[in-house]
Amino acid sequence: MKILDTLVIGAGISGLSCAYQLSQNSAKSGYDLLVAEAQGRVGGNIVSQSQGGFLWEEGPNSFSPTPALLRLAVEVGLKSELVLADRKLPRYVYWQQQLMAVPMSPSALISSPLLSFSGKLRALMGGLGFVGPAMGSELQYQAGEETIAHVFSVT
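Residue numbers for the sequence shown, in this note's numbering: -13 to 141.
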């Protein structure tokens, strides 16, 4: 039996990105790497679906790709596969058994049923810079936990 130097558990975006970076380093050092995935496909939460001429994503936790993500897609040869949405078009989340428009402005946030009053206040305070850093992601302490749960979660 061959002994591995590195085992990456999970072939979601984090596991695959980690494996890619490690493979870049292993080409120089010669160590063995294996990615193990429990599901019958790679991608983790990222799932693209299409029906009736519409394409939607069921799992990504973001609406816009970062420069690092775009750079990675180019490096691994996926540039031609990228489908980027027009930033001017509305975004929707499926919440409480219906499609809900994601508020893209402070006025839309105030009238949105996605968040409670305290969730709206927290998101507005973070967006205006009144809430300082806390433990967790930049987005979470800017927008608040309720915004993350209702707008960005995959549940």
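Cβ coordinates follow ideal geometry from the N, Cα and C atoms, glycine included. Remember, predicted model here, so these are calculated numbers, not experimental data.
Would you say the beta carbon of residue i is closer than 7 Å to some non-hydrogen atom of the ligand ATP?
{"i": "residue -11", "result": "Judged by which ligands are present, the structure shown has none, so any question about the ligand ATP falls away."}
Skipping 5 residues on each side, what residues in its chain have a beta carbon closer than 8 Å to that of residue i?
{"i": "residue 85", "result": "78 and 79"}
{"i": "residue 76", "result": "87, 88 and 90"}
{"i": "residue 62", "result": "6"}
{"i": "residue 70", "result": "51"}
{"i": "residue 8", "result": "-8, -6 and 19"}
{"i": "residue 1", "result": "-6, -5, 21, 23 and 30"}
What residue range is occupied by the uninterrupted alpha helix (DSSP H) comprising residue i?
{"i": "residue 61", "result": "53 to 61"}
{"i": "residue 142", "result": "Residue 142 is absent from the model: the chain starts at -13 and stops at 141."}
{"i": "residue 97", "result": "92 to 97"}
By the 10 Å Cβ neighbour count, where 16 or more other Cβ atoms means buried, how is residue i classified, buried or exposed?
{"i": "residue 108", "result": "buried"}
{"i": "residue 5", "result": "buried"}
{"i": "residue 106", "result": "buried"}
{"i": "residue 41", "result": "exposed"}
Can the beta-carbon of residue i be found closer than 8 Å to that of residue j?
{"i": "residue 35", "j": "residue 23", "result": "no"}
{"i": "residue 30", "j": "residue -5", "result": "no"}
{"i": "residue 28", "j": "residue -3", "result": "yes"}
Quick one: what's got a C-beta closer than 7 Å to residue i's C-beta in the same chain, skipping five residues either side?
{"i": "residue 59", "result": "65 and 68"}
{"i": "residue 94", "result": "none"}
{"i": "residue 96", "result": "106"}
Just reading off the beta strand (DSSP E) that residue i is part of, what are its end residues?
{"i": "residue 43", "result": "40 to 43"}
{"i": "residue 204", "result": "This structure does not reach residue 204, given that the chain is present from -13 up to 141, and the question cannot be answered."}
{"i": "residue -5", "result": "-8 to -5"}
{"i": "residue 78", "result": "78 to 81"}
{"i": "residue 21", "result": "19 to 22"}
Please go through the same chain and pick out, in chain order, the residues whose beta-carbon is closer than 6 Å to the beta-carbon of residue i, but skip the five residues on each side of it.
{"i": "residue 56", "result": "none"}
{"i": "residue 3", "result": "none"}
{"i": "residue 83", "result": "none"}
{"i": "residue 98", "result": "89"}
{"i": "residue 102", "result": "none"}
Exercise for the section: Could you tell me whether the stretch -12 to -2 touches the stretch 7 to 19, where touching means 3 or more Cβ pairs closer than 8 Å? Expected result: yes
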